[in-house]
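Enquirer: Residues are numbered in this note's numbering as their position in the sequence shown, beginning at 1, plus a constant of 381.
Here it is, the structure, as structure tokens.
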Amino acid sequence: MPQVVDTPGWSLWGASPVIDDQGRVNLFVARWGMDDGWETGWRKHSEIALYRADRPEGPFEYVKTVLKGDGEGWDAVGMHNPCVKRFGDRYVLLHIANDWKDGRKGHGPNQRIGMRIADSLEGPWEKVGRDGLILEPGGWCANSGCGVNNPAIVEAPDGRFHLYFKARPGRQGGVRMGVAVADRLEGQYAIQEKPITANDRTIEDGTAFRWGDRICLVTTDNHGMIERGGGLLWVSDDGIHFEAEPRHAFHPLRAYLDDGVPEGARMIYGRETKFERPQMLTVEDRPAYLYLPSGTSLDGDEGTDVHLLKWTSPR
Numbered sequence: 382m383p384q385v386v387d388t389p390g391w392s393l394w395g396a397s398p399v400i401d402d403q404g405r406v407n408l409f410v411a412r413w414g415m416d417d418g419w420e421t422g423w424r425k426h427s428e429i430a431l432y433r434a435d436r437p438e439g440p441f442e443y444v445k446t447v448l449k450g451d452g453e454g455w456d457a458v459g460m461h462n463p464c465v466k467r468f469g470d471r472y473v474l475l476h477i478a479n480d481w482k483d484g485r486k487g488h489g490p491n492q493r494i495g496m497r498i499a500d501s502l503e504g505p506w507e508k509v510g511r512d513g514l515i516l517e518p519g520g521w522c523a524n525s526g527c528g529v530n531n532p533a534i535v536e537a538p539d540g541r542f543h544l545y546f547k548a549r550p551g552r553q554g555g556v557r558m559g560v561a562v563a564d565r566l567e568g569q570y571a572i573q574e575k576p577i578t579a580n581d582r583t584i585e586d587g588t589a590f591r592w593g594d595r596i597c598l599v600t601t602d603n604h605g606m607i608e609r610g611g612g613l614l615w616v617s618d619d620g621i622h623f624e625a626e627p628r629h630a631f632h633p634l635r636a637y638l639d640d641g642v643p644e645g646a647r648m649i650y651g652r653e654t655k656f657e658r659p660q661m662l663t664v665e666d667r668p669a670y671l672y673l674p675s676g677t678s679l680d681g682d683e684g685t686d687v688h689l690l691k692w693t694s695p696r
């Protein structure tokens, strides 16, 4: 279980993988400088950077920063939650951002999902929708207290595109995963009438992928539907109606440390040594690797890092 991306002076989060024509693994990673602090850092100063390696296990090298807020519009700040997929000859980059109108709370109800499309992973990344805005709260989550975030996208067997997201049914209430559907990659995306996950405890950070003819979501299991701090696998035949009972997807980070959490490890975010924001790399249309950040810096430096799990069939 190697630590695959570590950039001194930066916290890294949400590494979305995609394989290019040369067989290289490209990771689109949310990151912010530790001088900006943790809370304000990810909410206001997060940018999306490209890292690259010749193999899934790395080593990964920083290539360039792809997206960074310019202080204007709905996506003024907080470029975060990258999700990159290839469809045909095009690449799509989903992300969240906010306008920061409410100061520190600007990341909450003001979170929106943007989309950009490119012919190459090097860009240029052209905005899609209304100035890049592809999804905002509506329907069952019209008054969502966390806006819409955690984007993930797949092409369903029927050729339509499913954009998955996290939201609340109101200003308060438990978060759920939802889905918006479009006939074209560029939209318009229609939020379906109700949430798609039957969770009675907090989940988030969904990654979506095809597994044969089925559509799957892997989310975090924050408070123990199966294992507190682990992961959940949600399975569907059509990508809209998911099995009510999820399956176990992965353990918390601490479970993979044969000698326990290192003595010099630093807890930067959270209270447990666990994973967050899993992102799946599929190989030949099968799930193969999960890239996961953690709030625990195992090497004791001031920034969070990205780890790798090789996927095995879930229990």
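We put the beta carbon where it would ideally sit given N, CA and C, even for glycine.
Values in this document were obtained by computation on a predicted structure and should not be read as measured data.
Grouping DSSP H, G and I as helix and E and B as strand, with all else coil, what is Cys522?
Expert: In this structure, Cys522 counts as helix in the three-state DSSP scheme.
Enquirer: On the DSSP letters alone, give me the boundaries of the beta strand (DSSP E) that Asn531 sits inside.
Expert: Taken as a continuous stretch (DSSP letters only), the beta strand (DSSP E) holding Asn531 covers Asn530 to Glu536.
Enquirer: Look at the alpha carbon of Leu474 and the alpha carbon of His426, and state the distance between them as a whole number of angstroms.
Expert: Using only the alpha carbons, I get a separation of about 19 Å.
Enquirer: Excluding the five sequence neighbours on either side, which residues of its own chain have a C-beta within less than 6 Å of the C-beta of Asp387, listed in chain order?
Expert: Hits under 6 Å: Asp686.
Enquirer: In its own chain, which residues sit with a C-beta less than 7 Å from the C-beta of Ile400, not counting the 5 before and 5 after it?
Expert: So the qualifying residues of the chain are Val406.
Enquirer: Taking the straight line between their C-alpha atoms, what separation do you get for Asp470 and Arg565?
Expert: About 15 Å.
Enquirer: With DSSP as the reference, label Trp423 as helix, strand or coil.
Expert: Correct three-state label for Trp423: helix.
Enquirer: Is DSSP giving Tyr650 helix, strand or coil here?
Expert: If DSSP states are grouped into helix, strand and coil, Tyr650 belongs with coil.
Enquirer: Whole angstroms are fine: how far does the CA of Pro576 sit from the CA of Gly568?
Expert: Computed Cα separation, rounded: 20 Å.
Enquirer: Go ahead and pull the three-state DSSP assignment for Leu598.
Expert: DSSP places Leu598 in strand when its eight states are reduced to three.
Enquirer: Which of helix, strand or coil does DSSP assign to Tyr570?
Expert: Three-state DSSP puts Tyr570 in coil, outside helix and strand.
Enquirer: Rounded to whole angstroms, what is the Cα-Cα separation between Gly418 and Met460?
Expert: The alpha-carbon atoms of Gly418 and Met460 are separated by roughly 16 Å.
Enquirer: With a threshold of 8 Å on Cβ separation, who are the neighbours of Arg493 within its own chain once the five nearest residues in sequence on each side are excluded?
Expert: Once the five neighbours on either side are set aside, the close Cβ partners of Arg493 are Trp455, Asp456, Ile477, Ala478, Asn479, Leu514, Leu516, Glu517, Gly528 and Val529.
Enquirer: Give me the Cβ distance between Ser675 and Thr654, rounded to the nearest whole Å; I'm assuming they're in contact under 8 Å.
Expert: About 7 Å separates the two Cβ atoms, so the contact holds.
Enquirer: Using the DSSP secondary-structure output, state which residues sit across from Ser397 in a beta bridge.
Expert: For Ser397, which the question treats as bridged, DSSP gives the partners Phe409.
Enquirer: So, for Lys445: in the same chain, excluding its five sequence neighbours on each side, which residues have a beta-carbon less than 8 Å away from its beta-carbon?
Expert: So the qualifying residues of the chain are Ala430 and Leu431.
Enquirer: Run through the DSSP bridge pairs and tell me what His629 is partnered with.
Expert: BP columns for His629 point to Leu613.
Enquirer: So for Ala563, helix, strand or coil by DSSP?
Expert: Residue state, collapsed to three classes: strand.
Enquirer: Flag this pair as yes or no: are the beta carbons of Val599 and Gly587 separated by less than 8 Å?
Expert: A contact, by the Cβ cut-off of 8 Å.
Enquirer: Going by Cα to Cα distance, which pick from Asp402, Phe409, Gln403 and Gly404 is closest to Trp394?
Expert: Comparing Cα positions, the closest option is Phe409.
Enquirer: Can you tell me which of the three DSSP states Gln634 falls into?
Expert: A small fix is needed here, since residue 634 is Leu in this sequence, not Gln. Leu634: helix per DSSP, three-state reduction.
Enquirer: Give the DSSP-derived three-state secondary structure of Met606 in the structure shown.
Expert: In the structure shown, Met606 sits in coil (DSSP, three-state: anything other than H, G, I, E or B).
Enquirer: Return the first residue and the last residue of the beta strand (DSSP E) that Thr388 is part of.
Expert: Taken as a continuous stretch (DSSP letters only), Thr388 belongs to no beta strand (DSSP E), as it is neither H nor E.
Enquirer: Spell out whether any CB of chain B is found under 8 Å from the CB atom of Glu608.
Expert: Looking at the structure shown, chain B is missing, and only one protein chain is on hand.
Enquirer: Below 6 Å CB to CB, which residues in the same chain sit around Arg679 once its five sequence neighbours on both sides are set aside?
Expert: Position check: residue 679 holds Leu in this sequence, whereas Arg was assumed. Result list for Leu679: Pro643 and Ala646, in chain order.
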